[in-house]
Structures are given as C-alpha cells and as structure tokens.
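Reviewing the structure listed below.
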Amino acid sequence: MPRGRVIVDNTKFAIILDRLSHQLVEDHKEFGDTIIVGIQEKGVILAEQLISRITKLIASDIAFGKLDITFYRDDFRQREKPLKASSTSMEFSIEGKHIILIDDVVYSGRTIHAAIAALQDFGRAKSVRLLAMVDRRFNRHLPVKTDYTGIRVDALDEAYVKVEWQHIEGKNQVLIFSAK
74 MPRGRVIVDN
84 TKFAIILDRL
94 SHQLVEDHKE
104 FGDTIIVGIQ
114 EKGVILAEQL
124 ISRITKLIAS
134 DIAFGKLDIT
144 FYRDDFRQRE
154 KPLKASSTSM
164 EFSIEGKHII
174 LIDDVVYSGR
184 TIHAAIAALQ
194 DFGRAKSVRL
204 LAMVDRRFNR
214 HLPVKTDYTG
224 IRVDALDEAY
234 VKVEWQHIEG
244 KNQVLIFSAK
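Quick note, the sequence shown lines up with residues 74 to 253 if you use the numbering used here.
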C-alpha cells in the first residue's frame, strides 16, 4: 500500500487525546458507574491511551473491558479467508452501567452494530455511548453516530483512513490513503 497523506500529526494527535479525555471526565466524573470498553484491536489501544490520561486527571480506577466482535460480524461467513479472533476480557457485568464503547475509526457502522450485539452478552447497559478517534461521516450502512469524536473525515468511499500508534508503527498519527 502506498504511503498515505498525514491528516493528523503527532502534536495534534496528543491534543485530540487530551480533549477526549477531558470530555469523558466532564461527563462521567469519577467513573463510578461507567465502564470503558475497547473494540479489539485498535479500539483497545485508543481506550488504553485515554484511560492513562483520565487516571492522571481523576486518580481513580476505571473499569475497562476488551471486546472482540469477530463472531458477531454480519460478514463473518462471507470472507474469503477466515477472520482472526482476538480475546475478549470483560470480567464484570455491564448491567445498569454506562458504557463508553471505543473504536479507532467509525466508517460503515457495521463494527459498532456487532459490538453492541456482543455487549448484550454481558448484561443490559443503562446507556452506550460511542467514542472514535476518526468519524468517517459518509458511507454509513447503519444509523450510527459518534458521541465523542477526535476528528471527522469526509472521504470518498474508496479512500482508506488509518490511525497509527507510536509503539506499533513508530508515530502517533492519522493517515488517509487515496483510492488510486
């Protein structure tokens, strides 16, 4: 894949993470009845980054789950090669709790739909709110809306948006790859 164009550099990336962390603290105070759930794999990375920042702000433990949605996807059996499942780590019930569901990029809405279906196996949440680093507003297949958004990207359907992380790819940044 050719190198993409940087649309969020390391400096702006840090500012976005700080802003999202402050928004979550403002809305959820001490997180007593709130659970953060990252969607495997990149949503978990984003969730861990946010939790690190939030705990510095409020000095409180935050309930955190890692959710794999592989077997809840509507295209699970339509792939040419099998999907690789990640682990789910949800050592608690979500019954009556506020859930902040986290993913790196929201595009068609299908991943979020699968995540909500998977969450129901762990109880009935009081509410579910969605946080994404990147919201690709166009080309939704399902009526999904982010509650907390790092950036909004208006890109053609053929374009690809990728969030990169310092400890994996060497830089914290968001890239867009054109279709051609």
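Heads up, the beta-carbon is just placed ideally off N, CA and C, and yes, glycines get one too.
Counting along the chain, the unbroken beta strand (DSSP E) around R78 starts and ends at R78 to V81. With a 10 Å radius around the Cβ and a threshold of 16 neighbouring Cβ atoms, R76 comes out exposed. Counting along the chain, Q113 sits inside no alpha helix (DSSP H), nor does DSSP assign it H or E at all.
In this chain, the alpha helix (DSSP H) harbouring Q239 covers Q239 to E242. In this structure, the beta-carbon distance from D141 to Q113 falls below 7 Å.
Taking all protein chains in view, the Cβ of L215 is surrounded by fewer than 16 other Cβ atoms within 10 Å, so the residue is classified as exposed.
Under the three-state reduction of DSSP, I175 is assigned to strand. For I88, the number of other beta carbons within 10 angstroms of its own is below 16, and it is reported as exposed. Annotation for D208: V179, T219, T222 and R225 place their beta carbon closer than 6 Å to its own, counting only its chain and skipping 5 residues before and after. According to the DSSP secondary-structure assignment, V236 is paired through a beta bridge with V247.
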